[in-house]
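Enquirer:
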Amino acid sequence: MRIPKAASNPVSDMQRSRTRKNWLLSAPALVVLAAASSGPLLIVLVYSFLSAGEYGGVVWKFSTDAWFNVVFFRDIFDGTTTFADAHMTILWRSVRLSFITTLITLAAGFPTAYFIATRPRRNRSLWLFLITVPFWTNLLIRTFAILEVIRNEGLINIGLQTLGIIDKPIQMLYTDFAIMVGMTYVYLPLMVLPLYASMERLNFSLVEAAYDLYATRHKVLHRIIIPLVKPGIIAGSILVFIPSLGAFVTPRVLGGGKKMMLGNLIELQFGAGRNWPLGAALSVTLLALVMAALLMYVRTTQRHSGSVR
Amino acid sequence: MVEKQGTGQANTEAPLPAAIYAERVTKAFGEGKKKVLALDDVSLTIEENEFFTLLGPSGCGKTTLLRLIAGFDQPTAGAIMLRDRDISQLPPNQRSVNTVFQDYALFPHMTVAKNISFGLEMLGKPKDYIKKTVGDMLALVKMEELRDRRTDQLSGGQQQRVALARALAPRPQVLLLDEPLSALDYKLRKEMQIELKQLQLETGITFIFVTHDQEEALTMSDRIAVMNAGRILQIGTPRQIYNQPADRFVASFIGRSNFISVEVLSVEGRRARLKLSSGREVISPLPDNWVPRGRVTAVVRPEYAQLVAGSGDEGDLQGVLENIVYLGTDTQYHIRLPDETTFVTRSQNQCQETEAFEDGQSVSVVFKPEAVQVLRS
Amino acid sequence: MIPFIKKRPPFSLKRQPGFGLIAGLCFVMLYAPIITLVVYSFNAGKYISPWEGFSLQWYVAAWGNEAVQDATMRSLFLAVQAGIYSTVLATMAALGTTRTRPFRGLMAIYAMINQPLMVPEIVTAVALLILFAMIKSLTGIQGMFYLVIAHTAFCIPFAYLPIRARLEGMDLNLETAAADLYATPWKTFWRVTLPLLFPGIIAGSMLAFVISLDDVVITEFIKSSGQETLPTYMLGQLRRVVTPEINAISTVLLGLSISVVCLLFFVERRSRK
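As structure tokens, this is what we get:
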């Protein structure tokens, strides 16, 4: 009889070599991402602590001026320091408009997602497809389409004038309202998709049980459906809020340089403003806001999933 | 030298190496506190040309053992020999062992014929040979007309046949079947059982069949290994397993059993004289050279006991008829014994009802010869 | 006369009052502006509105516009390259990160791959602007290379998602079966894994293509002079008085994106049957 050998554990050896293979397979993608996506973010952080060059670019000298300038404004003539109102206005506009956009897309997207989820199974993918098509088309083109609808000679104003409701076009373009409409329009699919995903999983026998226990339609919605699809609501809200906060194209086209958001302010610093460190500091600020929102999302979903199962 | 276990047919000619010999195989999953022993020191010999079945409830380790033989997992300790060659560390594509998967695992992007030829192509067989073998295999499983179908257009039974043909085409030394009939409906399963047995006889390949269905195991197997909790409890022919179960688990897992307490009076050779609770004495055959003592548990199959009316002295046990269950082919009688346990007997139904029993009637149970079998535990 | 009986509709469990109406409005809202844009691309007038009759003149104008031709070619060139590279990288990464026991660093790889989806585009754009300006001033190397690598990077997560989904839905037993039938790991990959993965790879590459084709922000920041793509060209034009030529270009680009996505939808539908 041979004695079974208890040599080095072949199973854990194999596991180790499999892990190495997994890393090797992922490495090329990771290298490209590190070089052209994640890595450069560190450079932005470094730049935010340098001094501005006279004609753009930076001077390699440590400085906290950029961060100071995010919040305060120093008059170059008399040296007095005041609160940087312009920056605060833009920051506040970014947060406010993103928040309102999220609320509107939720109000519109929830019924839409519910509508799709309650269609017969074989039709659902077609309805969903109708939601995703605009999402995969060019953001700029969609913003441009909204511009054509709301401008002074656009569909809405001409329509209202023809009907005799107004005699002078309403100025909608280049207002906060325009930006909000545009963002709602371009980001609506981002709200509908996760909402639909969680509604599709909804077990409708729970709704039946609620009706069986004398709930009204309203009660069924508030006590059963909304609590059950809460993860979808949170995911959709985050998916709309984050790109809204960093929006660039929509406010540029529909706000027309008058109503700026954070993205446009950042661009300004790298363009006409010629203050790269300030632009970098603003970028880091935006990134921090987004990360905070993401972190909040992760926290709530973890708590949520922890309490449910 | 390889140690023979169980009661494999005695080999009078030059000793052939066993088809599969598992030597003290242990397989653990997880580490530390979460460590689970899926196989606990299992040894097993499977002879050439045998239809061998691993039988046990789910989680007993039978599929794990099969996967170790196939090479999809490696044993934590111990060795697996294929015709005297240690294959424990060989990858599956270097073992002359093929598997019929539980869900068939047919390649959905290939036709029936392409599925069957896959293994032969991988082995680098010549084109003519592949063509001929695929034809033979299609004929063997009666699927000639469907050779160019895509596999997702086949019925369950057809997929089953393709999976068989695919695994048999490379003429493996051992064919492994992982509950291949479990996805089929009852009638088809019955047919396939016969066909599988036939196929094994025709091809002369060793089959190792995994199932949790005791009836399936009894129908097809030359020998059965009953497993539970990572161990092999008994290896034997279907008849041995049924008539002489080694322990309580085997007895209750296979068929229906009555467990009774008996006292061993004496042992002579391989026969024991036992005293029943009623005071009657019976003779019971013993497996191996094992000597039971004192009070032990014995098993009696319901069909090996007969019911007679009245509580006369001629019965081995006396009791009150509690329940009569009519089952078509036979009838089950539930008898309450004086010690408040229930004893079940079963008798085949006749065209004419000969004896009519009634609930609440006093009855006696008469054991057929050698009906009482002493258990080791 | 048959007495009139008011038939009440049967009670529907799933109905919620007003939801259908809002959903309908949403669908109209989503498509009305796009349809308006397409309709006005056929306007004969000099400005987008008012409507002055049907004409294809703006398509002819766009077709003959050298700047548009140039930008179109560049956009396609960029999208094809970024699509191919990101799909190859994403396929490898997907093979390395699915169907495996969790290993140290797996979560980090996920985070890294999905990172472009989480960081606002404007931040990435600024970061790349700084990095590429640095490299250009240090080495003097110019060219499309910068755009290609940037596009490849942000296309990776889009290519990765469908490929990973396909891999995770794949029956692991099929590869085990191939190994059982004497296929080497390499042969198993070519004969079983890759063919089964193909619909996912097609979907991933198409998404990557569309995403690259549509990008404005990052391209706008990192392009050198003379490297206009179609979207950045249009963004530049929007600052001036817009003519229906922009509508015509938009319509063509829309048509391209929508046909790719439609193709994807039907391929997906067929492969599921």
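Chains as they are written, first to last, in our numbering: chain X, 15 to 323; chain Y, 100 to 476; chain P, 25 to 297.
Here a beta-carbon is modelled for each residue, glycine too, at the ideal position from N, C-alpha and C.
Check whether chain P comes within 8 Å of L300 of chain X, counting only Cβ atoms and requiring the distance to be less than that.
Expert: Cβ-Cβ to chain P under 8 Å: yes for L300 of chain X.
Enquirer: Excluding the five sequence neighbours on either side, which residues of its own chain have a C-beta within less than 7 Å of the C-beta of S108 of chain X, listed in chain order?
Expert: L259, M275, L276.
Enquirer: Just to confirm my understanding: we take I165 of chain P, look at its own chain, exclude 5 residues before and 5 after, and list those with CB closer than 8 Å. What are they?
Expert: Around I165 of chain P: I159.
Enquirer: Give a yes or no on whether 8 Å exceeds the smallest Cβ distance from F308 of chain Y to chain P.
Expert: It does not: the Cβ of F308 of chain Y has no partner Cβ on chain P nearer than 8 Å.
Enquirer: What separation, rounded to the nearest whole angstrom, lies between the Cα atoms of L64 of chain X and V73 of chain X?
Expert: Going from the Cα of L64 of chain X to the Cα of V73 of chain X covers about 6 Å.
Enquirer: I want to know whether the segment 389 to 405 of chain Y touches the segment 356 to 371 of chain Y - three or more CB-CB distances under 8 Å.
Expert: As far as the Cβ criterion goes, the segment 389 to 405 of chain Y touches the segment 356 to 371 of chain Y, which means the pair count is three or higher.
Enquirer: Check the Cβ-Cβ distances between P191 of chain Y and every residue of chain P, and say whether any is below 8 Å.
Expert: Yes, contact with chain P.
Enquirer: Using a Cβ-Cβ distance under 8 Å, would V216 of chain P count as near chain Y?
Expert: Yes, V216 of chain P counts as interfacial toward chain Y.
Enquirer: Should E102 of chain Y be labelled buried (16 or more other beta-carbon atoms within 10 Å of its own) or exposed?
Expert: Residue placement at E102 of chain Y cannot be trusted, given a pLDDT of 41 that sits under 50; the coordinates are not used to answer.
Enquirer: Is DSSP giving L227 of chain X helix, strand or coil here?
Expert: In this structure, L227 of chain X counts as coil in the three-state DSSP scheme.
Enquirer: Tell me where the alpha helix (DSSP H) around Q313 of chain Y begins and ends.
Expert: Where Q313 of chain Y is concerned, the enclosing alpha helix (DSSP H) stretches over 313 to 319.
Enquirer: Between the beta-carbon of I58 of chain P and the beta-carbon of L278 of chain P, is there less than 8 Å?
Expert: Result yes, Cβ atoms of I58 of chain P and L278 of chain P sit closer than 8 Å.
Enquirer: Kindly indicate which residue of X:W37, X:W81, X:V254 has the alpha-carbon position closest to the one of L209 of chain X.
Expert: For the residues X:W37, X:W81, X:V254, the minimum Cα distance to L209 of chain X belongs to X:V254.
Enquirer: So for A98 of chain X, helix, strand or coil by DSSP?
Expert: Three-state result, A98 of chain X: coil.
Enquirer: Please name the residue in Y:N448, Y:L373, Y:L385, Y:L420 whose C-alpha comes closest to that of E402 of chain Y.
Expert: Nearest C-alpha to E402 of chain Y: Y:N448.
Enquirer: To which residues does DSSP link S461 of chain Y through a beta bridge?
Expert: According to DSSP, which records beta bridges pairwise, S461 of chain Y is partnered with Y:V419.
Enquirer: Closer than 8 Å between beta carbons: that is the criterion. Which residues of the segment 251 to 269 of chain Y meet it against chain P?
Expert: Within the segment 251 to 269 of chain Y, the qualifying residues are R265, A266, P269.
Enquirer: Consult DSSP for G48 of chain P and reduce its assignment to one of helix, strand or coil.
Expert: The answer is helix: DSSP assigns G48 of chain P an H, G or I state.
Enquirer: So, helix, strand or coil for R156 of chain X, using DSSP?
Expert: Three-state result, R156 of chain X: helix.
Enquirer: Let's see if you can read the secondary structure: which residues bound the beta strand (DSSP E) around I225 of chain P?
Expert: From DSSP, I225 of chain P is part of no beta strand (DSSP E) but of the alpha helix (DSSP H) over 218 to 238.
Enquirer: Please list, in chain order, all residues of the same chain as T96 of chain P whose beta carbon is under 7 Å from its beta carbon, the five residues on each side excluded.
Expert: Taken in chain order, the residues that qualify are L254.
Enquirer: If I follow the unbroken beta strand (DSSP E) through F308 of chain Y, where does it start and stop?
Expert: Element bounds for F308 of chain Y: 305 to 310.
Enquirer: Does V285 of chain P come out as helix, strand or coil in the three-state DSSP assignment?
Expert: Three-state result, V285 of chain P: helix.
Enquirer: I'd like to know if D247 of chain Y contacts chain P, where contact means its C-beta is closer than 8 Å to some C-beta of that chain.
Expert: Taking Cβ atoms only, chain P never reaches closer than 8 Å to D247 of chain Y, which makes this a no.
Enquirer: Kindly say whether N89 of chain P, judged by its beta-carbon, lies nearer than 8 Å to any beta-carbon of chain Y.
Expert: Closer than 8 Å: no.
Enquirer: Verify the CB distance criterion: does T124 of chain P have a CB-CB separation below 8 Å to chain Y?
Expert: T124 of chain P does not count as touching chain Y.
Enquirer: Rounded to whole angstroms, what is the Cα-Cα separation between I179 of chain X and I170 of chain X?
Expert: C-alpha separation (whole angstroms): 11 Å.
Enquirer: Whose C-beta lies closer than 8 Å to the C-beta of A272 of chain P among residues of the same chain, with five residues either side of it excluded?
Expert: Correct list, in chain order: S65, W82, Y83, A85, A86.
Enquirer: What's the call for G228 of chain P, buried or exposed, on a 16-neighbour Cβ count within 10 Å?
Expert: Under this definition G228 of chain P is a buried residue.
Enquirer: Would you tell me roughly how many angstroms separate the C-alpha atoms of F306 of chain Y and T175 of chain Y, rounded to the nearest one?
Expert: So the two alpha carbons sit approximately 25 Å from each other.
Enquirer: Rounded to the nearest angstrom, what separates T232 of chain Y and V273 of chain Y at their Cα positions?
Expert: T232 of chain Y and V273 of chain Y: Cα-Cα distance of roughly 18 Å.
Enquirer: Mind listing the chain Y neighbours of T208 of chain P? Cutoff is C-beta to C-beta under 8 Å, in chain order.
Expert: The answer, in chain order, is N192, M221.
Enquirer: CB-CB under 7 Å to E199 of chain P, same chain, minus the five flanking residues each way: which ones, in chain order?
Expert: Hits under 7 Å: T212, V216, T217.
Enquirer: So what does DSSP say about F262 of chain X, is it helix, strand or coil?
Expert: F262 of chain X: coil per DSSP, three-state reduction.
Enquirer: What separation, rounded to the nearest whole angstrom, lies between the Cα atoms of H311 of chain Y and R182 of chain Y?
Expert: Going from the Cα of H311 of chain Y to the Cα of R182 of chain Y covers about 27 Å.
Enquirer: Measure from the C-beta of I104 of chain X to each C-beta in chain P and report whether the shortest distance is under 8 Å.
Expert: It does not; no Cβ of chain P falls within 8 Å.
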